[in-house]
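To keep things clear, I will list the structure first and then write my remarks on it.
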Amino acid sequence: SRKCRGSGAALTPFASHCLGAAFAKKLVRDGNFMEGDNIELITICVGTDPRPHGERLADTFARGAESVEGVKVLYTGFLGK
Numbered sequence: 055s056r057k058c059r060g061s062g063a064a065l066t067p068f069a070s071h072c073l074g075a076a077f078a079k080k081l082v083r084d085g086n087f088m089e090g091d092n093i094e095l096i097t098i099c100v101g102t103d104p105r106p107h108g109e110r111l112a113d114t115f116a117r118g119a120e121s122v123e124g125v126k127v128l129y130t131g132f133l134g135k
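In terms of our numbering, the sequence shown opens at residue 55 and continues consecutively.
Following this line, the structure appears as structure tokens:
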């Protein structure tokens, strides 16, 4: 099994919020919509895993994404077996 060999930096709730906002802005900015499309909202689905901090990170990501006009988030809950 391969192990991640990084600096050990953790994903914080603040960083998760910022990532959600940046991801949503990119979708809005770079969306491949056809001229005349009536796109009111972009929907992003967000799920979590069983780790104790997973729900909080999913929530802060969703809040960041929803801070962008034209974006809504659908929370799917736990994504597991």
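Using N, Cα and C, we set each Cβ at its ideal position, and we do this for glycine too.
Look at the stretch 80 to 130 and you find these whole runs of beta strand (DSSP E), each 3 residues long or longer: 96 to 102. One alpha carbon belongs to K80, the other to G118, and they sit about 13 Å apart.
Sequence-distant partners of T102 (beyond 5 residues in either direction) whose C-beta falls short of 8 Å from its own C-beta, in its chain, are G108, E109, L111, A112, G131, F132 and L133. Distance from the CA of A75 to the CA of A64, rounded to the nearest whole angstrom, comes to 19 Å.
Between the alpha carbons of V100 and S121 lies a gap of roughly 15 Å.
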